[in-house]
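Novice: So that we are looking at the same thing, I have put the structure below in structure tokens.
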Amino acid sequence: MPKTKDKPKQKKNKDTTPLADRADRYALYGLSVQEPANEAEFFTRTYKALNGREPRTLREDFCGTHAVCCEWVKLHPDNTAVGIDLDPEPLAWGKDNLQPKLTGGQRERITLFEDDARTKGEVPADVLAAQNFSFFLFKTRDALRDYFRHAHANLADGGIMVMDMMGGSECYEEEHEDIRTIESDVPGFKKFKYIWEQARFNPITADALFHIHFRFKDGSRLDKAFTYDWRFWTIPEVRELLAEAGFSASTVYWETTDEDGEETGEFEPATEGDADPSWIAYIVARK
Ligand SMILES: C[S@@+](CC[C@H](N)C(=O)[O-])C[C@H]1O[C@@H](n2cnc3c(N)ncnc32)[C@H](O)[C@@H]1O
613 MPKTKDKPKQ
623 KKNKDTTPLA
633 DRADRYALYG
643 LSVQEPANEA
653 EFFTRTYKAL
663 NGREPRTLRE
673 DFCGTHAVCC
683 EWVKLHPDNT
693 AVGIDLDPEP
703 LAWGKDNLQP
713 KLTGGQRERI
723 TLFEDDARTK
733 GEVPADVLAA
743 QNFSFFLFKT
753 RDALRDYFRH
763 AHANLADGGI
773 MVMDMMGGSE
783 CYEEEHEDIR
793 TIESDVPGFK
803 KFKYIWEQAR
813 FNPITADALF
823 HIHFRFKDGS
833 RLDKAFTYDW
843 RFWTIPEVRE
853 LLAEAGFSAS
863 TVYWETTDED
873 GEETGEFEPA
883 TEGDADPSWI
893 AYIVARK
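Here our numbering is used: the first residue of the sequence shown is 613, the next is one more, and so on.
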């Protein structure tokens, strides 16, 4: 019998659907902007430096896909995490896509609430995190102070609230785009472009409108995958409001640079920073 070597190979059916139509915006967002394992470790290190012991309970406000909760429960078998978000969609995405990577025991130590972070009460936490500039959605001093008061009430003794902030002169430019190439091992999405667009800044109110877009190698685009209508708060405004809300102290963690002036991705307490045109910092507030 002749071998079937010469039999023409069956062509695989190539999926011709544009990549933008196949894209999972939460997966792309996670690959582009989130480093939840680093965040969970930073919270632990910072709390330990202040209290001499490790934190065990995390409350992740505005948690979205609750990626930080998922990393938190991996750090220690007694770590528990509570995630709160108003939107059921990212919560469900995290349950379907991030939680399956955890053990059963880790999953049991996560509690999610589809609820309002401004009113939801829970067991007081050692660390309360509000990441990816989420509190920028509050547009007035009263609204932000009320949220900080609620956060303060939800912290245990010795507890810390951790928030990230961004700023710098570039952030006040309109129609400014920050474009990065992201690499991943997701089939079809091994290389794609992440675009952070500053669409509008109103100097009178400090209202700022941002969009996240994605562009793919087949030329297709996922425009306005996420849109944020924020007030662009400054660090001193936020620290003043934290004090008014009852926090005993707040510290700015500024990114360190190496001997060549390159950013290291490490953040240390600082009272003076360079006038970087585009910076990210953490504010750590103590109960
Ligand atoms: C900028 S996203 C950040 C998501 C996540 N923390 C991250 O790091 O990617 C803001 C999230 O806050 C949620 N959100 C907005 N207002 C809220 C509120 N009052 N209470 C709880 N979640 C809220 C939105 O649904 C959205 O998922």
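Even glycine gets a Cβ: it sits at the ideal position worked out from N, Cα and C.
Given the structure is predicted, the values throughout are model-derived calculations rather than measurements.
Could you spell out the range, first to last residue, of the alpha helix (DSSP H) harbouring Ala-652?
Specialist: For this step, residue 652 is matched to residue 40 along the sequence shown. That run of the alpha helix (DSSP H) goes 648 to 663.
Novice: To the nearest angstrom, report how far apart Phe-725 and Gly-873 are at their CA atoms.
Specialist: If you number the sequence shown from 1, residue 725 lands on position 113. If you number the sequence shown from 1, residue 873 lands on position 261. Phe-725 and Gly-873: Cα-Cα distance of roughly 42 Å.
Novice: Among residues of its own chain, excluding the 5 on either side of Gln-718, which ones have a beta-carbon nearer than 7 Å to its beta-carbon?
Specialist: On the sequence shown, position 106 is the one that residue 718 refers to. Same-chain partners within the cutoff: Val-685, Lys-686.
Novice: Between the region 726 to 739 and the region 755 to 767, do three or more beta carbon pairs fall short of 8 Å?
Specialist: Yes: at least three Cβ pairs fall under 8 Å.
Novice: Around the Cβ of Pro-702, are there at least 16 other Cβ atoms within 10 angstroms (buried) or fewer (exposed)?
Specialist: For the purposes of this step, residue 702 is taken as residue 90 along the sequence shown, with counting starting at 1. Looking at its Cβ environment, which holds 16 or more other Cβ atoms inside 10 Å, Pro-702 is buried.
Novice: Ignore the nearest five residues each way along the sequence and tell me which others in Gly-706's own chain have a CB closer than 6 Å to its CB.
Specialist: One-based indexing of the sequence shown puts residue 706 at position 94. These residues qualify, in order along the chain: Thr-677, His-678.
Novice: Taking all protein chains shown into account, do 16 or more other C-beta atoms lie within 10 angstroms of the C-beta of Thr-817, making it buried, or fewer, making it exposed?
Specialist: On the sequence shown, residue 817 is found 205 positions in, with the first residue counted as 1. Exposed, since its Cβ has fewer than 16 Cβ neighbours within 10 Å.
Novice: Which whole runs of the beta strand (DSSP E) in the region 707 to 770 are 3 residues long or more, in chain order?
Specialist: Counting only runs of 3 or more, we get 722 to 726, 737 to 742.
Novice: Using 8 Å for Cβ pairs, my map puts Pro-667 next to Val-739. What's the rounded Cβ distance?
Specialist: One-based indexing of the sequence shown puts residue 667 at position 55. One-based indexing of the sequence shown puts residue 739 at position 127. So it is a contact: roughly 5 Å between Cβ atoms.
Novice: Could you please give me the residues that DSSP links to Asn-814 through a beta bridge?
Specialist: Within the sequence shown, the letter at position 202 stands for residue 814. Asp-819, per the DSSP bridge assignment.
Novice: Kindly identify the DSSP beta-bridge partner or partners of Glu-867.
Specialist: Here residue 867 is taken as the residue at index 255 of the sequence shown, counted from 1. DSSP output for Glu-867 lists Phe-879 as bridge partner(s).
Novice: Count the other C-beta atoms from every protein chain shown that fall within 10 angstroms of the C-beta of Asn-691, then say buried if there are 16 or more, exposed otherwise.
Specialist: By 1-based counting over the sequence shown, the position of residue 691 is 79. That one is buried.
Novice: Tell me the DSSP secondary structure of Lys-615 in three-state form.
Specialist: Against the sequence shown, residue 615 aligns to sequence position 3. With a pLDDT of 49 at Lys-615, under the threshold of 50, the modelled position of this residue cannot be trusted, and the question is left open.
Novice: With 16 as the cutoff for other CB atoms within 10 Å, does Thr-839 come out buried or exposed?
Specialist: The sequence position of residue 839 within the sequence shown is 227, counting from 1. So Thr-839 ends up on the exposed side.
Novice: Is the separation between the beta-carbon of Ala-887 and that of Glu-867 shorter than 8 Å?
Specialist: Along the sequence shown, one-based indexing puts residue 887 at 275. Along the sequence shown, one-based indexing puts residue 867 at 255. No, these two residues do not count as a Cβ contact at 8 Å.
Novice: Distance, Cα to Cα, Arg-757 vs His-825?
Specialist: On the sequence shown, position 145 is the one that residue 757 refers to. On the sequence shown, position 213 is the one that residue 825 refers to. If you take the alpha carbons of Arg-757 and His-825, they lie about 32 Å apart.
Novice: For a test of your reading of the model: does the CB of Ser-746 fall under 7 Å from any non-hydrogen atom of ligand 1? Yes or no.
Specialist: If you number the sequence shown from 1, residue 746 lands on position 134. Answer for Ser-746: yes, Cβ within range of ligand 1.
Novice: Starting from the Cα of Phe-655, find the closest Cα among Pro-815, Gly-885, Glu-880, Glu-884 and give me that residue.
Specialist: The residue given as residue 655 occupies position 43 in the sequence shown. Checked all of Pro-815, Gly-885, Glu-880, Glu-884; the closest Cα to Phe-655 is Glu-880.
Novice: Given a cut-off of 8 Å on the beta-carbon distance, is the pair Val-694 and Val-774 in contact?
Specialist: Taking the first residue of the sequence shown as 1, we reach residue 694 at position 82. Taking the first residue of the sequence shown as 1, we reach residue 774 at position 162. Not closer than 8 Å, so no.
Novice: Taking the C-alpha atoms as reference points, what is the distance between Tyr-659 and Thr-628?
Specialist: For the purposes of this step, residue 659 is taken as the residue at position 47 of the sequence shown. For the purposes of this step, residue 628 is taken as the residue at position 16 of the sequence shown. When rounded, the distance between both Cα atoms is 50 Å.
Novice: Where does Glu-789 sit, in a helix, a strand or coil, going by DSSP?
Specialist: For the purposes of this step, residue 789 is taken as residue 177 along the sequence shown, with counting starting at 1. Three-state DSSP puts Glu-789 in a strand.
Novice: For Leu-740, is the beta carbon positioned less than 7 Å from some heavy atom of ligand 1?
Specialist: Indexing the sequence shown from 1 puts residue 740 at position 128. The answer is no for Leu-740.
Novice: Taking contact to mean at least 3 C-beta pairs separated by less than 8 Å, is the region 851 to 871 in contact with the region 794 to 806?
Specialist: Judged by Cβ distances under 8 Å, the region 851 to 871 makes no contact with the region 794 to 806, as fewer than three pairs qualify.
Novice: Decide if Ser-746 is buried, meaning its Cβ has at least 16 other Cβ atoms within 10 Å, or exposed.
Specialist: The residue you call residue 746 lines up with position 134 of the sequence shown. Ser-746 is buried by the Cβ-count criterion.
Novice: Hey, out of Thr-723, Gly-877, Leu-714, whose CA is closest to Arg-671's CA?
Specialist: Indexing the sequence shown from 1 puts residue 671 at position 59. Selected option, being the one with the closest Cα: Thr-723.
Novice: Terminal residues of the continuous alpha helix (DSSP H) containing Arg-634?
Specialist: Numbered from 1 along the sequence shown, position 22 holds the residue referred to as residue 634. First-last of the alpha helix (DSSP H) with Arg-634: 631 to 634.
Novice: For Leu-662 versus Arg-898, is the C-beta distance shorter than 8 Å?
Specialist: Within the sequence shown, numbered from 1, the residue matching residue 662 stands at position 50. Within the sequence shown, numbered from 1, the residue matching residue 898 stands at position 286. Yes, these two residues count as a Cβ contact at 8 Å.
Novice: Would you mind reading off the limits of the alpha helix (DSSP H) that contains Gly-642?
Specialist: Residue 642 sits at position 30 when you count from the first residue of the sequence shown. Its alpha helix (DSSP H) spans residues 637 to 645.
Novice: Whole angstroms are fine: how far does the CA of Asn-709 sit from the CA of Trp-808?
Specialist: Counted from its first residue, the sequence shown places residue 808 at position 196. Counted from its first residue, the sequence shown places residue 709 at position 97. Trp-808 and Asn-709: Cα-Cα distance of roughly 24 Å.
Novice: Taking the continuous alpha helix (DSSP H) assigned at Leu-834, which residues delimit it?
Specialist: Start at 1 with the first residue of the sequence shown, and residue 834 comes out as number 222. Leu-834 -> not in any alpha helix (DSSP H); beta strand (DSSP E) instead, spanning 833 to 843.
Novice: Mind checking whether the beta-carbon of Cys-675 lies closer than 7 Å to any heavy atom of ligand 2?
Specialist: This structure does not include ligand 2; its bound ligands are ligand 1.
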